[in-house]
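Sequences listed follow chains W and D, in order. So that you can map any letter, position 1 of the first sequence is 1 in our numbering, and since no number is skipped, the others follow by simple counting. So that you can map any letter, position 42 of the second sequence is 1042 in our numbering, and since no number is skipped, the others follow by simple counting. Working notes, beginning with the structure itself.
2 protein chains.
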Amino acid sequence: MSEHSLLARLPATLGPPSAGCRVGIGDDAAWLDGELVWTVDTLIEGVHALPSRSTLEDMAFRATMTSASDLAAMGAAPLYALAAVTLPNERAFEAIRRGQEQALARLGAPIVGGNLTRGGELSITTTWLGRATRPLLRSGARVGDSVYLAGNLGLAAAGLEALLTSIDVPTACVQAHVRPIARLEDGLRAVALGATSAIDVSDGLVADAGHVARASGVSLVLDARALLATGGEALLLASRALSRDPLELALSGGDDYALLLTGPDALGDEFARVGVVEPGAPGVVVLRDGRPVETRGGHDHLG
Amino acid sequence: MSEHSLLARLPATLGPPSAGCRVGIGDDAAWLDGELVWTVDTLIEGVHALPSRSTLEDMAFRATMTSASDLAAMGAAPLYALAAVTLPNERAFEAIRRGQEQALARLGAPIVGGNLTRGGELSITTTWLGRATRPLLRSGARVGDSVYLAGNLGLAAAGLEALLTSIDVPTACVQAHVRPIARLEDGLRAVALGATSAIDVSDGLVADAGHVARASGVSLVLDARALLATGGEALLLASRALSRDPLELALSGGDDYALLLTGPDALGDEFARVGVVEPGAPGVVVLRDGRPVETRGGHDHLG
Chain W
1 MSEHSLLARL PATLGPPSAG CRVGIGDDAA WLDGELVWTV DTLIEGVHAL
51 PSRSTLEDMA FRATMTSASD LAAMGAAPLY ALAAVTLPNE RAFEAIRRGQ
101 EQALARLGAP IVGGNLTRGG ELSITTTWLG RATRPLLRSG ARVGDSVYLA
151 GNLGLAAAGL EALLTSIDVP TACVQAHVRP IARLEDGLRA VALGATSAID
201 VSDGLVADAG HVARASGVSL VLDARALLAT GGEALLLASR ALSRDPLELA
251 LSGGDDYALL LTGPDALGDE FARVGVVEPG APGVVVLRDG RPVETRGGHD
301 HLG
Chain D
1001 MSEHSLLARL PATLGPPSAG CRVGIGDDAA WLDGELVWTV DTLIEGVHAL
1051 PSRSTLEDMA FRATMTSASD LAAMGAAPLY ALAAVTLPNE RAFEAIRRGQ
1101 EQALARLGAP IVGGNLTRGG ELSITTTWLG RATRPLLRSG ARVGDSVYLA
1151 GNLGLAAAGL EALLTSIDVP TACVQAHVRP IARLEDGLRA VALGATSAID
1201 VSDGLVADAG HVARASGVSL VLDARALLAT GGEALLLASR ALSRDPLELA
1251 LSGGDDYALL LTGPDALGDE FARVGVVEPG APGVVVLRDG RPVETRGGHD
1301 HLG
């Protein structure tokens, strides 16, 4: 099942029209009247978190953070969260609370309510309200903008593979997978510097860049060397240990929660410049030494 | 596992304090700065909905409505919803969408975003934002108020039992279980008439009245005859068909989504008067012909 193909069937809102909703289904978060943005995300034990390799505390931290990452991708600051937790038994309750509190302390915003349900599958659904003076949409990239990256690519994918294979990689990789950090300050800084669009890299760089390209009706031409560099030494070491192509990890590894941004040159003061926005059929082209790179993996859109 | 005993361990908010949050964990919904109220609810197939007895369309309708019922219990009007859906496969997607749209049409407000995840257990988590000029809290009941009920008691429990046993009962009972309606207009009317507290009856009347009694530090003295009357002819017919005590169905049957209100006499123009608020140890006393009724069922608080 592809989430994107199912969601593509939906209109911007379901049910009666609402004058107050500026952006609905299809962006990182909904943009409501005024400056409110609103998002929800679900993590399921065994699907999004490995029960035997990371703790429930990690899972709850991750659930709270990855949902907040959608606010970062809107250039929003977090206000409040609600958590809906499904538990097979009482065992997990305190560990989940601890993981949530650790994430909340980093995010500087509280959980103000929620729901607790008994069910067969442990899951955590976190919904965040945030405030954005100028929400960054996927549709805002313009020809002539540069493309920037806040954060690192490939580390989380390397960390996950290391956990699955018990191969030793730099701690930063395992940390990137187990305890991702929402880049909220980067999102706010991007707004201040005039960014035109943003998305958080959760599905993998090429897939997420494709969402921006399609929504904006532009082509993103990305530089393989610059993308690779965002992973730094840790990515090179990990890819060697795992016998993987580091570029493949950087391009298709998901769950990095880096921010992919477009905008004017001013963004280059803060973020790594990784490409340019060009006219042409909406899509993503990754160039290495001036030639398109063949990338593997299940991406919908690879120019 | 008792949701209430676990939630009782939690403070009003988790994580950093927030000046903007007026009411956090422990009421029907959180009350945020200004007039926003916010709530979330999860329905799981096989736990809260019977896969073989009601359709996925019913389940989605119900999930959208029961979450909105928390807004009714705050005296709020619905603004927007987000839906986080976990699906084992694509099969359910369109049925869920139809059920949601039917509920949204009745509620007059849209779903503006959400999340779609693959998982082993079909679940729908709906979060609603609403607006209340004066939120009705569980803690507002005052000695001297009367107690009122908007809606019917016992029908949903009778409907559920009828579905499980294939015994014939009035359609209204099955309908009350399968297609509950959030009493949003009643909640708004109660605010206008000066109501002091409200809760929606989801756990069962005595249990939910207990929540109000504890939060307000008062005793609720309820009249069995008046409570029974809210179920009308349908409750009497159903209880006879099911060989059940109608009062037991009315007192402990959950999922009615009636509103239990407290406030001044003016509420009597619109709602059934079912009791009075008295001083004394917080609790609920149900009187029949002037004597306390013995009620069965797992209620926390029965005076």
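Virtual Cβ for every residue (Gly too), placed ideally from N, Cα, C.
Along the chain, where does the alpha helix (DSSP H) that runs through D:G1348 open and close? A question about residue 1348 of chain D goes unanswered here, because the residues of chain D that appear run from 1001 up to 1303.
In the structure shown, what three-state DSSP assignment does D:G1187 receive? helix
Rounded C-alpha distance that separates D:H1211 from D:L1087: 34 Å
7 Å Cβ shell around D:R1113 - same chain, five flanking residues per side excluded: Strictly speaking, residue 1113 of chain D in this sequence is Gly, with Arg absent from that position. The answer, listed in chain order, is L1082.
Quick check on this structure: which residue in D:V1147, D:D1041, D:M1065 has the alpha carbon closest to the alpha carbon of D:A1105? D:M1065
Hey, is W:S123's beta-carbon within less than 8 Å of any beta-carbon in chain D? yes
Assuming the contact rule is C-beta atoms closer than 8 Å, D:Y1257 and D:S1202 should be a hit. Round their C-beta distance to whole Å, please. 6 Å
Is D:T1230 helix, strand or coil by DSSP? coil
Could you check the C-alpha separation between D:A1238 and D:Q1175 for me, to the nearest Å? 13 Å
Spatial neighbours of W:L13 within its chain, please: CB distance less than 7 Å, with the 5 preceding and 5 following residues excluded, ordered by chain position. Checking the sequence shown, residue 13 of chain W turns out to be Thr, not Leu. C21, G24, I25, listed in sequence order.
Pick from D:L1071, D:L1056, D:L1160 that is closest to D:E1035, judged by C-alpha positions: D:L1071
Cα-Cα separation between W:G15 and D:A1063, rounded to whole angstroms: 15 Å
Using a Cβ-Cβ cut-off of 7 Å (strictly less than) and excluding sequence neighbours within five positions of W:L137, which residues of its own chain qualify? V23, D27, S197
Give me whichever residues DSSP pairs with D:A1150 in a beta bridge. D:L1259
What residues from the stretch 1088 to 1100 of chain D come within 8 Å of chain W, judged by C-beta to C-beta, listed N to C? N1089, E1090, F1093, R1097, Q1100
Coarse secondary structure for D:G1303, derived from DSSP in three states: Below a pLDDT of 50, predicted positions are generally treated as unreliable, and D:G1303, at 29, falls in that range; the measurement from the model is reported next regardless. Reduced to three states, the DSSP call for D:G1303 is coil.
DSSP state of D:D1200, grouped into three classes? strand
Does W:R225 pass the burial test, meaning 16 or more other C-beta atoms within 10 Å, or should it be called exposed? exposed
Which whole-angstrom value is the C-beta distance of D:L1043 and D:I1124, which I expect to be below 8 Å? 5 Å
Alpha carbons only, please: which of W:A76, W:L236, W:P170 is nearest the one belonging to W:L129? W:A76
Cβ neighbour criterion (16 or more within 10 Å) applied to D:L1261: buried
Outcome for D:A1008 when other beta-carbon atoms lying within 10 angstroms are tallied against a minimum of 16: exposed
Listed by chain order, chain W residues near D:Y1080 by CB distance under 8 Å: S18, G20, C21, A30, L32, W38
Scan the stretch 1080 to 1157 of chain D and note each continuous beta strand (DSSP E) run of 3 residues or more that stays entirely inside, going in chain order. 1111 to 1118, 1123 to 1131, 1146 to 1150
How about W:G297: is its C-beta nearer than 8 Å to some C-beta of chain D? In this prediction, W:G297 has a pLDDT of 42, which is less than 50 and means its spatial position is unreliable; nothing more can be read from the coordinates.
Quick check on the burial criterion: 16 or more other C-beta atoms within 10 angstroms. Buried or exposed for D:V1143? exposed
Indicate the three-state DSSP secondary structure (helix, strand or coil) for W:E57 in the structure shown. helix
Can you pull the chain W residues whose beta carbon is under 7 Å from the beta carbon of D:T1086, in chain order? T42, I44, S123
First through last residue of the alpha helix (DSSP H) which encompasses W:D208: 205 to 216
Distance, W:V293 Cα to W:H301 Cα: Reliability of the predicted coordinates at W:H301 is poor, the pLDDT of 31 falling under 50, and no value is obtained from them.
Label W:E161 either buried or exposed according to how many other C-beta atoms from any shown protein chain fall within 10 Å of its C-beta, with 16 as the threshold for buried. buried
Tell me where the alpha helix (DSSP H) around D:T1039 begins and ends. Per DSSP, D:T1039 belongs to no alpha helix (DSSP H); it is in the beta strand (DSSP E), 1036 to 1044.
Test: D:I1181 CB closer than 8 Å to a CB of chain W: no
Which bits of chain W does D:L1006 rub up against, with CB to CB less than 9 Å? L87, E90, F93, L116
Using the beta-carbon count (16 or more within 10 Å), is D:S1166 buried or exposed? exposed
Can you tell me whether DSSP reads D:R1296 as helix, strand or coil? Bear in mind that a pLDDT of 48 at D:R1296, under 50, signals an unreliable position, so the model cannot answer this.
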